[in-house]
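Scroll down for the structure; my scribbles are underneath it.
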Amino acid sequence: MYESLRTPESRFKNLPDYPFIPNYIDVDGLRMHYVDEGDKSAPPVLMLHGEPSWSYLYRHMIPLFTDAGFRAVAPDLIGFGKSDKPVKIEDYTYSRHVNWLKTFIETLDLNDITLICQDWGALLGLRIATEMESRFSRIVVGNGFLPTGEQKVPLAFQAWKSFAVYSPVFPVGMILNAGTARWLSRREMAAYDAPFPSKAYKAGARAFPKLVPVSPDHEGAVENREAWVKLGAWNKPFLTSFSDGDPIMRGGDRYFQSRVPGAKGLSHRTVRGGHFLQEDSPVEFANAAIDLIRSTPN
1 MYESLRTPES RFKNLPDYPF IPNYIDVDGL RMHYVDEGDK SAPPVLMLHG EPSWSYLYRH
61 MIPLFTDAGF RAVAPDLIGF GKSDKPVKIE DYTYSRHVNW LKTFIETLDL NDITLICQDW
121 GALLGLRIAT EMESRFSRIV VGNGFLPTGE QKVPLAFQAW KSFAVYSPVF PVGMILNAGT
181 ARWLSRREMA AYDAPFPSKA YKAGARAFPK LVPVSPDHEG AVENREAWVK LGAWNKPFLT
241 SFSDGDPIMR GGDRYFQSRV PGAKGLSHRT VRGGHFLQED SPVEFANAAI DLIRSTPN
């Protein structure tokens with residue numbers, strides 16, 4: 001069992017553009033929150049957020065998917081959003097995050113999934129898609145990667161990791177604002193701060209940068225190399241939709257396009273924005289996925 005905290009529901013009242021009914025399941029003794037909108041019999045679009053955001057990041061995209069006739073599913077990773085938050089930083093591991101999400105997918109029995117992933121959503125989603133391949137039909141990656149510890153670590157990421165580990169403050173709303181091309185409103189920044197009433201709630205957000213495999217013997221590196229072997233034979237549709245202003249993920253889209261067979265011949269996109277392209281270009285990002293689904297029926 002984990003010692004965990006649960007953010008009071010009052011913290012989430014009157015969030016701008018987030019009218020969605022909360023849903024919860026139990027995962028490894030922890031309560032996991034998710035948004036589940038649209039026809040439950042429709043093909044699911046699974047949206048995975050990253051660090052240090054939550055499903056609020058997809059608020060502008062969710063209605064676009066449901067209006068297009070799809071089921072929109074957006075979980076909050078354990079430690080984020082409305083999900084429970086273990087208080088010990090060592091409780092957060094790469095493999096646990098993978099297993100928590102696999103349990104989530106199995107519990108909802110999601111199939112014919114179109115995966116939308118960004119940041120840590122890609123580190124988790126790409127692993128899971130290769131380990132549960134029969135459940136996934138398409139992948140759309142935006143500003144994400146799957147590191148194996150063999151790549152050169154960008155200076156921007158090294159600086160971010162040091163900040164997450166050593167900074168006495170960790171202002172989540174301001175961090176999100178720094179990662180967008182547009183200026184978030186005060187209410188939007190407050191919405192990103194909402195899951196974290198105090199520093200005790202931020203162990204998961206503090207942990208993520210340290211969990212990125214930066215050496216071949218780092219936890220998760222071996223499994224990610226195995227995932228890349230499977231991606232090297234992945235023939236299902238694999239689309240990239242990266243932004244033009246992300247200093248950490250720049251160039252990752254071309255790498256995917258050259259390595260994944262399913263990326264060949266698709267209309268890959270480059271949209272305006274910073275790291276959090278869901279904030280800067282939500283319509284363009286969603287439409288890239290919608291166009292892909294409609295052009296590649298299962």
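Number 119 in UniProt numbering belongs to position 119 of the sequence shown; there are no gaps in the numbering.
Beta carbons: idealized from backbone N, C-alpha and C, even for Gly.
Alpha carbon of residue i to alpha carbon of residue j, nearest angstrom
i: residue 68; j: residue 187; result: 28 Å
i: residue 63; j: residue 258; result: 32 Å
i: residue 278; j: residue 237; result: 21 Å
i: residue 197; j: residue 10; result: 11 Å
i: residue 136; j: residue 298; result: 10 Å
i: residue 105; j: residue 255; result: 28 Å
i: residue 47; j: residue 166; result: 30 Å
i: residue 269; j: residue 242; result: 7 Å
i: residue 287; j: residue 156; result: 29 Å
i: residue 192; j: residue 81; result: 8 Å
i: residue 103; j: residue 22; result: 18 Å
i: residue 42; j: residue 159; result: 42 Å
i: residue 112; j: residue 125; result: 14 Å
i: residue 45; j: residue 100; result: 18 Å
i: residue 217; j: residue 149; result: 7 Å
Residue i - DSSP class collapsed to helix/strand/coil
i: residue 99; result: helix
i: residue 133; result: helix
i: residue 55; result: helix
i: residue 47; result: strand
i: residue 20; result: coil
i: residue 196; result: coil
i: residue 214; result: coil
i: residue 141; result: strand
i: residue 276; result: coil
i: residue 157; result: helix
i: residue 208; result: helix
Which residues DSSP lists as bridging residue i, in chain order
i: residue 28; result: In the DSSP output, where bridge partners are listed per residue, residue 28 has none listed.
i: residue 271; result: 243
i: residue 37; result: 72
i: residue 86; result: 4
i: residue 116; result: 47 and 140
Residue-chain proximity (residue i, chain D), Cβ-Cβ < 8 Å
i: residue 151; result: Note that chain D does not occur in the displayed structure, where there is just one protein chain.
Whole-angstrom C-beta distance between residue j and residue i, which should lie under 8 Å
i: residue 203; j: residue 86; result: 6 Å
i: residue 50; j: residue 121; result: 5 Å
i: residue 225; j: residue 244; result: Incorrect: roughly 30 Å between the Cβ atoms, too far for contact.
i: residue 130; j: residue 207; result: About 23 Å separates the two Cβ atoms, so there is no contact after all.
Original post:
Does the stretch 166-180 come close enough to the stretch 231-241 that 3 or more CB-CB pairs lie under 8 Å?
Top reply: Contact check between the stretch 231-241 and the stretch 166-180: fewer than three CB pairs, one atom from each, fall below 8 Å, which does not count as touching.
Original post:
Three or more beta-carbon pairs under 8 Å between the stretch 109-126 and the stretch 21-40, yes or no?
Top reply: Proximity of the stretch 109-126 to the stretch 21-40 falls short of the contact definition, fewer than three beta-carbon pairs being nearer than 8 Å.
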